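Engineer: Dropping a structure here in structure tokens format, bear with me for questions.
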Amino acid sequence: MNSKAHLTGGLTAGAVFDRLAASYDRDFTDSLIGRAQRGCVWKILLKTFKPGDNLLEVNCGTGEDAFFLANHGISVFACDASQQMIARAEQRLALKSPTPPSVFYHLPTERIDELNPTQRFDGVFSNFSGLNCIENLSPVAQALARLVKPGDRLLLCFSTRYCLLEIIYYLLHNQPGKAFRRCKGFSHAILEDQTLSVFYPRIRHIRQSFAPYFRLRSRVGVGVAIPPSYLEPFVRRHPNLFRILCRIERVVSLLPILRTTGDHVLLCFERVPQ
Ligand SMILES: C[S@@+](CC[C@H](N)C(=O)[O-])C[C@H]1O[C@@H](n2cnc3c(N)ncnc32)[C@H](O)[C@@H]1O
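With numbering that gives the first Met the number 0 applied, the sequence shown covers 0 to 273.
Here it is as structure tokens:
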């Protein structure tokens, strides 16, 4: 894919997510499922990065993770393709004034090579599928490699290709098209009347895209027992069951094979010396 097509992709995703920005926190960030899935990511974030680190976050959305990291002494330069997501993050920033301060910047990940920081970052973070909006990850990996030092980590949370709970749920509801929508590797999500291309690369493929510069160190499931966010009404009706699922998550998210069959998978890469 050429760089013009990349740019178009980032702009399209930005425009689609602009329409979701106002309701994103209500619909996902503050939902039971959103909180539970994010809590799983946060545990690993704190094990991966330490106070004093300065991270680059791509596809930061409304800044929820940047504020969490700031509360733990980690500064974040956070980018997103959606102007409205960035505007919302900045509104929240004005209310919270965290120390160290977070910086929000409107930039599609396809153009991350335009960043020229005075010092390299101590790591890179991407949460909840922003990277699934990018078809070709190789140029992104190359650009990120220039922005971190050997030994630094990338923590990247992708939507998986095979989500077991999704397959079971939609098969039980006699909707095989939805059940297997991710399995062919891409789908077109209709969000607020706009179409967004979403890609579901295999982990092997992601690893290959990052391989010249990064080594895959670990993978953890996110949302293996905790269901996808569209089941929020169901978990609200069954709070006890949801609590049990959250406990099961702690075990199954680490089990080989099962850990890659959740809603998301969290991959930790390490920058290798060239
Ligand atoms: C599901 S939201 C996740 C937001 C945030 N990371 C979180 O954890 O709440 C996906 C985000 O990816 C952003 N995004 C999608 N494609 C992008 C791209 N090509 N470059 C940068 N951001 C992108 C969207 O604007 C949106 O804010």
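All C-beta atoms, glycine included, are put in the ideal place defined by N, C-alpha and C.
Computed from a predicted structure; not experimentally measured.
What is the rounded straight-line gap between the Cα of S196 and the Cα of F27?
Structural biologist: When rounded, the distance between both Cα atoms is 20 angstroms.
Engineer: For V123 and N70, I'd like the C-alpha separation in whole angstroms.
Structural biologist: One C-alpha to the other measures close to 17 angstroms.
Engineer: What's the gap between the Cα of H5 and the Cα of K177?
Structural biologist: Confidence is the limiting factor: at H5 the pLDDT is only 39, short of 50, which leaves the residue's position unreliable and the question unanswerable from this model.
Engineer: Is it true that the region 222-229 meets the region 122-139, where meeting means three or more beta-carbon pairs spaced less than 8 angstroms apart?
Structural biologist: Cβ pair count under 8 angstroms is below three, so no.
Engineer: Hey, how far is the Cα of V15 from the Cα of T61?
Structural biologist: Whole-angstrom Cα-Cα distance: 14 angstroms.
Engineer: Less than 8 angstroms between the beta carbons of F120 and F209, yes or no?
Structural biologist: No, these two residues do not count as a Cβ contact at 8 angstroms.
Engineer: Mind checking whether R201 and R160 have CB atoms under 8 angstroms apart?
Structural biologist: Contact: yes.
Engineer: Give a single yes or no on whether P99 has its beta carbon closer than 7 angstroms to a heavy atom of ligand 1.
Structural biologist: It does not: the Cβ of P99 is nowhere closer than 7 angstroms to a heavy atom of ligand 1.
Engineer: What do you reckon, is the C-beta of G129 under 7 angstroms from a heavy atom of ligand 1?
Structural biologist: Yes, the Cβ of G129 comes within 7 angstroms of a heavy atom of ligand 1.
Engineer: Does the beta carbon of I205 fall short of 7 angstroms from some heavy atom of ligand 1?
Structural biologist: Flag unset: Cβ of I205 not near ligand 1.
Engineer: Give the secondary structure of P138 by DSSP, where H, G and I count as helix, E and B as strand, and everything else as coil.
Structural biologist: DSSP places P138 in helix when its eight states are reduced to three.
Engineer: Can you tell me the Cα-Cα spacing of S2 and N173, whole angstroms?
Structural biologist: Annotation note: pLDDT 35 at S2 (below 50); position unreliable, no value reported.
Engineer: Anyone know if the C-beta pair for N115 and Y199 falls short of 8 angstroms?
Structural biologist: No, the pair does not count as a contact, with Cβ atoms beyond the cut-off.
Engineer: Using the three-state DSSP reduction, which class does S2 fall into: helix, strand or coil?
Structural biologist: Note that S2 has pLDDT 35, beneath the 50 cutoff, so the model's placement of it is unreliable and no number is given.
Engineer: May I ask whether a heavy atom of ligand 1 can be found less than 7 angstroms away from the beta carbon of S74?
Structural biologist: Checking every heavy atom of ligand 1 against the Cβ of S74, none is found closer than 7 angstroms.
Engineer: Using the three-state DSSP reduction, which class does I167 fall into: helix, strand or coil?
Structural biologist: In the structure shown, I167 sits in a helix (DSSP, three-state: H, G or I).
Engineer: Would you mind sorting D192 into buried or exposed? The rule is 16 or more other CB atoms within 10 Å of its CB.
Structural biologist: It counts as exposed.
Engineer: In chain order, what are the residue ranges of uninterrupted alpha helix (DSSP H) at least 4 long that sit wholly in the region 177-260?
Structural biologist: Complete alpha helix (DSSP H) runs here, min 4: 202-209, 231-236 and 238-251.
Engineer: Alpha carbon to alpha carbon, what distance is there between I111 and R145?
Structural biologist: Cα to Cα, R145 sits roughly 10 angstroms from I111.
Engineer: Can you name the start and end residues of the alpha helix (DSSP H) that F268 belongs to?
Structural biologist: Premise fails: F268 lies in the beta strand (DSSP E), H263 to R270, not in any alpha helix (DSSP H).
Engineer: Less than 8 angstroms between CB atoms is the rule here; does Y199 satisfy it with respect to chain C?
Structural biologist: The structure shown contains no chain C; it holds only a single protein chain.
Engineer: For M0, count neighbouring Cβ atoms within 10 angstroms of its own Cβ and tell me buried if that reaches 16, exposed if not.
Structural biologist: Bear in mind that a pLDDT of 33 at M0, under 50, signals an unreliable position, so the model cannot answer this.
Engineer: Could you pull out every residue in the same chain whose Cβ sits closer than 6 angstroms to the Cβ of P272, ignoring the five residues on either side in sequence?
Structural biologist: So the list reads P149, once near-sequence residues are dropped.
Engineer: On a Cα-Cα basis, can you pick out the residue from G33, K46, A77 and W41 that is closest to N53?
Structural biologist: It is A77 whose Cα lies nearest to the Cα of N53.
Engineer: With DSSP as the reference, identify every bridge partner of S81, one or two as the case may be.
Structural biologist: S81 pairs with nothing; no bridge assigned.
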